[in-house]
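Read through the structure below, which is laid out as structure tokens, and then see the notes.
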Amino acid sequence: MKVMKFGGTSVGSAQRMKNVTELICGPQPNLVVLSAMSGTTNTLVEICGYLYSKNPDSALDVIGRLEKKYRQHVEELYSTEEAKKKALDFLTSTFKYMASFAKQLFTSVEEKIILAQGELMSTHMVTFYLQEKGVNVVLLPALDFMKIDEYGEPDQNYIKEKVNALLEKHAGADLYITQGFICRNCQDEVDNLQRGGSDYTASLIGAAIGADEIQIWTDIDGMHNNDPRIVDNTSPVRHLHFEEAAELGYFGAKILHPTCIQPAKFANIPVKLLNTMQPDAPGTTIDNREDPGQIKAVAAKENITAITIKSSRMLLAYGFLRKVFEIFESYQTSIDMICTSEVGVTMSIDDTRHLPGILNDLKSYGTVSVDKDMCIVSVVGDMDWENVGFEARAMDAMRDIPVRMISFGGSSYNISFLIKNDDKVRALKSLSAKLFN
Ligand code: ADP
Ligand code: ASP
Ligand code: MG
4 MKVMKFGGTS VGSAQRMKNV TELICGPQPN LVVLSAMSGT TNTLVEICGY LYSKNPDSAL
64 DVIGRLEKKY RQHVEELYST EEAKKKALDF LTSTFKYMAS FAKQLFTSVE EKIILAQGEL
124 MSTHMVTFYL QEKGVNVVLL PALDFMKIDE YGEPDQNYIK EKVNALLEKH AGADLYITQG
184 FICRNCQDEV DNLQRGGSDY TASLIGAAIG ADEIQIWTDI DGMHNNDPRI VDNTSPVRHL
244 HFEEAAELGY FGAKILHPTC IQPAKFANIP VKLLNTMQPD APGTTIDNRE DPGQIKAVAA
304 KENITAITIK SSRMLLAYGF LRKVFEIFES YQTSIDMICT SEVGVTMSID DTRHLPGILN
364 DLKSYGTVSV DKDMCIVSVV GDMDWENVGF EARAMDAMRD IPVRMISFGG SSYNISFLIK
424 NDDKVRALKS LSAKLFN
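Heads up: the sequence shown begins at 4 in our numbering, then just goes up one per residue.
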């Protein structure tokens, strides 16, 4: 069985939903994971914002406008009155339910319920459409098998047991559809796998059912060697090692959510990134094969903060780094890049919510300084230290750009530079020119 995930862009209109149904019906039953229609989750976040700030009128206004859009989609999607009615009944009750939250106390429990409605709507709409076409399709409710534990991590044993039992119960169907992103937590409340989490759903399900392949369908032709929104003449990368994809996912190549790699890698299931607009294009395949000596891609992550602590006490001392790291741990803030010298250490973080506390605590160990509005630019590929020359090529591309820190050696797949946000575009372009053209 294949797991096929379609992102918001791929189900973003009635016509696109129709196109998707052309791709998912094959000789073997596939399991299809759908995101919410593009823009919907953002709108649901906006609604929750109004409800949190006790502005029910604005929330109802946005809900009303969203409902109108969905009614229009229904008009375009179905040809029989029966299917139209089924879809409208479902949507009407969904929007009524959402509106009912305007009258009550609003907490994160209600927020998660509202955020789940986008995937519930898109999957029902596509299922009704397939039923109208006479396909024997089964909608598997993600809330019946996707679960996270008390740490927010997926409960892989539970998922495996439940999803396989559901598939067995509905054996013989032509096709299975389920919601990406949404799940239940250890209190059995509705929850989610964080923004962009539908990719994660697909890979968790792929691992749970031992799928032949996990396909992530989006609106562009696979992972590109640089951000196509910034750099001209990028080209698709046809093959990535799981480790390379993990590095790229983290460093902001948004096409694949970083959490999605681990379950697939562990279960050794290849992941393919495919293009809904060009279904026959080869896309990008991610698996455990290496491509010796190849540099694959460049990616960037903005709004990074660098923190330096200098201390003469660090000289020849042991235990200094532990004390520094414990401060970050106590504020549940993860460190991304790190560089050390004999008397100083610089770390980068992207979550600055606890920055004042961290800085205050660090000050008892040395002189602290901070650089904000920085950007990590990362070159990804086979950079085993025994290969020669790749560092020089990457450095050469950065020759005119002020570089705050450089990190290499943490993995054999990545070299990272910390620069100013303002220099990001320049750096991405220069790296593309020097490494790929
Ligand atoms: P979906 O709705 O299908 O999940 P996303 O919005 O999550 O789609 O991500 C896909 C988008 O990420 C693409 O449309 C593309 O513009 C953008 N993107 C950013 N960096 C890259 C890259 N290196 N390669 C390909 N796409 C990228
Ligand atoms: N709909 C969710 C989001 O927009 C999940 C996803 O699309 O992957 O974040
Ligand atoms: Mg996505």
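Every residue, glycine too, gets a C-beta built ideally from N, C-alpha and C.
Where residue i falls: helix, strand or coil (DSSP)
i    : result
F9   : strand
G347 : strand
C51  : helix
F420 : strand
T279 : coil
N342 : Per the sequence presented here, residue 342 reads as Cys, with Asn not at that position. C342: strand per DSSP, three-state reduction.
P239 : strand
K304 : strand
H127 : helix
I233 : coil
I272 : coil
N139 : coil
T355 : coil
I330 : helix
L259 : coil
N291 : coil
N22  : helix
L133 : helix
L118 : helix
A249 : helix
N33  : strand
T336 : coil
T311 : strand
Beta-carbon spacing of residue i, residue j below 8 Å
i    : j    : result
K115 : D202 : no
V129 : D177 : no
N229 : T221 : no
I298 : V382 : yes
L431 : A300 : no
T83  : E153 : no
T126 : I66  : no
T288 : P273 : yes
D353 : N306 : yes
A105 : A39  : no
E70  : A17  : no
V14  : A205 : no
M280 : I258 : no
L251 : I212 : no
D310 : V371 : Sequence inspection shows Ile at residue 310; the Asp mentioned does not correspond to that position. Contact: yes.
L452 : V140 : Beyond the ends of the chain as shown, which are 4 and 440, falls residue 452; an answer cannot be given.
L91  : R74  : yes
K8   : G121 : no
V428 : Y368 : no
I447 : Y334 : This structure gives no information on residue 447, because the portion of the chain shown stretches from 4 to 440.
G209 : I219 : no
A509 : K437 : Nothing can be reported for residue 509: it is not among the residues displayed for the chain, which extend from 4 to 440.
Ligand 2 heavy atom lying under 7 Å from the CB of residue i
i    : result
F184 : yes
T44  : yes
D202 : yes
S441 : With the chain covering only 4 through 440, there is no way to say anything about residue 441.
S38  : yes
G199 : yes
G225 : no
G347 : no
E305 : no
G384 : no
G11  : yes
P121 : Inspection of the sequence shows that residue 121 is occupied by Gly rather than by Pro. Answer for G121: yes, Cβ within range of ligand 2.
Notebook entry, point to check: Where in the region 360–439 do unbroken runs of the beta strand (DSSP E), each at least 3 residues long, occur, reported from the N-terminal end onward?
Noted result: Here the runs fully enclosed are 370–384, 408–411 and 417–423.
Check: What runs of the alpha helix (DSSP H), each 4 residues or longer, lie entirely inside the region 141–187?
Finding: 159–172
Note to self: Quick check for students: name the residue ranges of the alpha helix (DSSP H) that lie wholly in the region 194–224, counting only runs of 4 or more.
What the structure shows: 201–212
Next item on the list: Jot down the residue ranges of each uninterrupted beta strand (DSSP E) in the region 55–96, minimum 3 residues, whole runs only, in chain order.
Entry: none
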